[in-house]
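*Asks:* Residue 89 in numbering that gives the first Met the number 0 sits at position 90 of the sequence shown, with consecutive numbering throughout.
One structure is given below, represented as structure tokens, and several questions about it will come after.
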Amino acid sequence: MSEDPSLALQGAIVAALKATPAVAGGRVLDDVPLEAEFPHLQVGEGETVGDDTECLVSSEVTMQVHVWSRAVGFPEARRIAGEVRARCTTAFALEGFTVVLAEHLQTRFLRDPDGLTSHAVVEFRYLVDHD
């Protein structure tokens, strides 16, 4: 399979988050329109690094999920970030790949410069073998 494993992981992450209404009401977006309803999630930045050995093609993939909230303070963003963490630290079943490690790296909480929006960045690392 020549596809980048991050694409398969993104699809699995989006499906897992959309299947859970408690996570931003199923609003999981890639390209966020200006009029998007809050709270919502955005599958964001990532990186794929080859981790091949002599007999195995594998990759280390990092993925970020952004939480955007307009509720007062950070409680809603923190609650949703916890739900995101719970659903994304799983060995997703991917076509053409095997997830051998799924781990949460960190969550950062930020105040948006607009003064209205709370923002969480939840970052994950996956070790993926290419089938």
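Backbone N, C-alpha and C fix where the C-beta goes; we use that ideal spot for every residue, glycine too.
As the structure is a computational prediction, the values presented were derived from the model and not from experiment.
1) Identify, in the order they occur along the chain, each residue of the same chain with its Cβ nearer than 6 angstroms to the Cβ of residue 73, setting aside the five sequence neighbours on each side.
2) In terms of residue numbering, what span does the alpha helix (DSSP H) encompassing residue 85 cover?
3) Can you tell me which residues form a DSSP beta bridge with residue 63?
4) Cutting at 6 angstroms between CB atoms, please list the residues of its own chain near residue 43, excluding the five before and the five after it.
5) Looking only at C-alpha atoms, which of 113, 129 and 103 sits nearest to residue 120?
6) Report yes if the CB atom of residue 68 is closer than 8 angstroms to the CB atom of residue 129, and no otherwise.
7) Taking the CB atoms as reference points, tell me whether residue 95 and residue 2 lie closer together than 8 angstroms.
8) Let me know the alpha helix (DSSP H) ranges lying completely inside the stretch 1-61, each 4 residues or longer, listed in chain order.
*Replies:* A quick look at the data gives this:
1) In the sequence shown, residue 73 corresponds to position 74, counting from 1. Excluding sequence neighbours, residue 73 sits near 108 and 117.
2) Here residue 85 refers to the residue found at position 86 of the sequence shown. Segment 74-87, the alpha helix (DSSP H) holding residue 85.
3) Start at 1 with the first residue of the sequence shown, and residue 63 comes out as number 64. In DSSP, residue 63 forms a bridge with 122.
4) Within the sequence shown, the letter at position 44 stands for residue 43. For residue 43, same chain residues with a beta-carbon under 6 angstroms away, outside a window of 5 residues either side, are 63 and 65 in chain order.
5) For the purposes of this step, residue 120 is taken as residue 121 along the sequence shown, with counting starting at 1. Per the Cα distances, 103.
6) Here residue 68 refers to the residue found at position 69 when the sequence shown is read from its first residue. Here residue 129 refers to the residue found at position 130 when the sequence shown is read from its first residue. It is not a contact, given that the beta carbons lie outside the stated cut-off.
7) Here residue 95 refers to the residue found at position 96 of the sequence shown. Here residue 2 refers to the residue found at position 3 of the sequence shown. Yes, the Cβ-Cβ distance between residue 95 and residue 2 is below 8 angstroms.
8) Whole alpha helix (DSSP H) segments, 4+ residues: 4-17.
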